[in-house]
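Heads up, the thing below is written out as structure tokens.
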Amino acid sequence: MSLSSFRFQINIFDYDPALSLLCSQSCSGLVSMSFMVDHHIMGPSSYRKARPASVSSSGFHSQRRRLTYSQPSSIDSLETFNGDMTRRSEKEILQALNDRFAGYIDKVRNLEMHNRNLEAEAAALRQSQAGRSSVGEHYERELGDLRGLLQQLTGEKARAVVEHDHLEEDIQHLRGRLEDEARNREELEAAARAMKKYAEDCRLARMELDKKLCALEEEADFLKKNHEEEVAELLAQIQGAQVSFDMRDALKADVTSALREIRSQLDSHASKSATHAEEWYQVRMERLSEAAKSNQDAIRGSQEEIAEYRRQLQSRIIELETLRGTKESLERQRMENMAKNETINQLDSELKNTKWEMASQLRDYQELLNVKMALDIEIAAYRKLLEGEENRLVSGGSPYSYLDSRISAHMKVKGEEISDTVIVEEQTDETQVTEPLILFKTHSNHLLIYCKHQS
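Quick note, the sequence shown lines up with residues 1 to 455 if you use the UniProt record's numbering.
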């Protein structure tokens with residue numbers, strides 16, 4: 001019966017970048033097979049069946065698998081070699097594997113503790129995310145209120161601007177009317193001054209005419225008095241002449257007739273003079289009365305015009321005061337509009353600042369989401385690793401089974417041990433890896449390899 005021995009040497013470098021597996025097996029000879037899997041390998045790979053000849057194939061891009069077969073010269077030398085190798089390395093291999101298994105268990109415990117810490121951090125992140133969502137809703141409500149207030153203020157501003165434009169047009173129109181009324185007022189004041197001057201001239205002319213009338217009346221009285229004195233003297237003379245004539249009798253009859261004639265002439269002359277003076281005085285009085293009446297009519301008309309101008313001036317003054325009040329109210333409205341514009345600008349700046357704060361909070365939230373996703377991926381990787389370890393522990397398989405599942409190699413080994421010999425039959429089926437390797441690098445520089453494979 002042929003002797004056979006097998007030896008598996010597994011080197012795990014605690015999540016180092018390289019994972020090496022050395023497998024040496026001999027069946028009716030010495031068969032050594034070694035292959036190395038680099039963690040940088042991505043993509044599908046396959047393992048081919050071992051053949052009697054020396055075969056070298058590459059399934060991964062950087063993977064090397066070397067199969068070497070050598071036929072021993074004799075059965076005795078093979079038994080001696082296998083026994084020596086078994087006795088020398090069995091204890092060392094088991095001790096190294098036990099040490100590595102203990103270290104792996106410690107690392108699993110540390111990873112479980114780290115997983116619990118990550119779950120606590122994830123819960124805290126969820127709570128902070130809920131708080132931030134409530135703060136975001138509060139900001140959204142405030143932003144909605146501010147937008148509504150901004151729209152309302154914008155509408156009020158537009159209405160105020162339209163009203164301000166209308167009031168400006170009214171002010172321009174009223175200013176034009178005020179200028180026209182000011183010009184009319186100046187013209188009326190000039191006309192009033194001219195009428196006052198004309199009235200003063202008329203008053204002076206009346207006074208002069210009154211003085212002339214008084215002088216004429218005095219002159220008429222004086223002439224009348226002189227005429228009466230002359231008539232009295234003439235009558236006295238005539239009476240004296242008549243007495244003398246009576247005394248002289250008829251001698252002087254012709255003198256009496258002459259005196260009568262003279263008297264009649266004087267009476268006619270006096271009556272004519274009185275009539276003429278009275279007629280002249282009446283004409284003069286009528287002329288002066290007509291002039292006074294015309295002047296009084298002109299003065300009355302001027303006084304009426306002055307009163308009318310005064311009424312118009314008073315109405316213009318009232319309109320001017322009204323316009324001044326309107327101007328003051330418009331100035332107040334303009335100041336209010338300026339204050340509202342300042343408030344709108346302040347609200348715009350506050351809205352911009354709020355938007356910037358929201359953008360910053362959204363960036364922080366996105367960063368937290370990215371951290372959360374990275375932590376979720378790392379937790380999932382740890383969970384897969386722990387599930388694989390639990391499955392291995394529950395199934396009670398060899399410590400190499402989880403490595404076989406990670407590198408996507410399926411191996412069936414049937415062994416029979418007769419006395420001190422072991423017969424190993426190896427069958428390697430072709431396995432196609434359809435999914436690429438997934439590499440995760442944790443915060444503690446540990447490398448996790450997760451591979452999905454399909455046989």
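Quick reminder that beta carbons are idealized off the backbone N, C-alpha and C, glycines included.
Beta-carbon gap between residue i and residue j smaller than 9 Å
i: ILE299; j: CYS202; result: yes
i: GLU284; j: LEU216; result: Position check: residue 284 holds Arg in this sequence, whereas Glu was assumed. Yes. Within cutoff.
i: LEU330; j: HIS164; result: yes
i: LYS340; j: GLU168; result: no
i: LEU188; j: LEU313; result: yes
i: GLU378; j: LEU118; result: yes
i: ALA192; j: ILE344; result: no
i: ARG185; j: ARG311; result: no
i: ALA291; j: LEU204; result: no
i: LEU386; j: LEU111; result: yes
i: THR326; j: LEU174; result: yes
i: GLU319; j: GLU181; result: yes
CB-CB length for residue i against residue j, believed under 8 Å
i: LEU362; j: GLN129; result: Not really, about 12 Å apart at Cβ, beyond 8 Å.
i: SER302; j: ALA199; result: 6 Å
i: TYR139; j: MET358; result: 6 Å
From the options, residue whose alpha carbon lies closest to that of residue i
i: residue 520; options: LEU150, LYS212, LYS327 and ALA194; result: With the chain covering only 1 through 455, there is no way to say anything about residue 520.
i: ASP221; options: ALA291, ALA277 and GLU137; result: ALA277
i: GLU228; options: TYR198, GLU186 and SER271; result: SER271
i: residue 459; options: ASN353, VAL231, ASP376 and ASN295; result: The displayed coordinates of the chain run from 1 to 455. Any statement about residue 459 would go beyond what the structure contains.
i: MET113; options: ASP180, ARG392, TYR382 and LYS293; result: TYR382
i: VAL161; options: TYR365, TRP356 and GLN333; result: GLN333
i: ALA124; options: GLN95, SER395, LEU375 and HIS269; result: LEU375
i: LEU351; options: ALA120, GLU219 and GLY148; result: GLY148
i: ARG263; options: THR275, SER289, GLU233 and GLU290; result: GLU233
i: LYS355; options: ALA96, ALA102, GLY144 and ASP99; result: GLY144
i: LYS224; options: ASP180, LEU209 and SER273; result: SER273
i: GLU142; options: LYS197, LYS384 and LEU347; result: LEU347
i: ARG206; options: ARG175, GLN296 and LYS372; result: GLN296
i: ARG126; options: SER395, VAL371 and THR326; result: VAL371
i: ALA380; options: GLU218, ARG116 and ASP180; result: ARG116
i: MET195; options: GLU342, MET335 and TYR309; result: TYR309
i: LEU153; options: GLU342, GLU218 and ALA236; result: GLU342
i: ILE171; options: GLU121, GLU328, LEU94 and GLN239; result: GLU328
i: TYR281; options: ALA122, LYS212 and ASP106; result: LYS212
i: ARG392; options: SER268, ARG183, PHE101 and HIS166; result: PHE101
i: ALA158; options: GLN237, GLN239 and ASN337; result: ASN337
i: LYS384; options: SER89, GLU92, VAL108 and GLN95; result: VAL108
Margin query: Runs of 3 residues minimum, wholly inside the stretch 119-161: which ones carry the beta strand (DSSP E) assignment?
Written below: none
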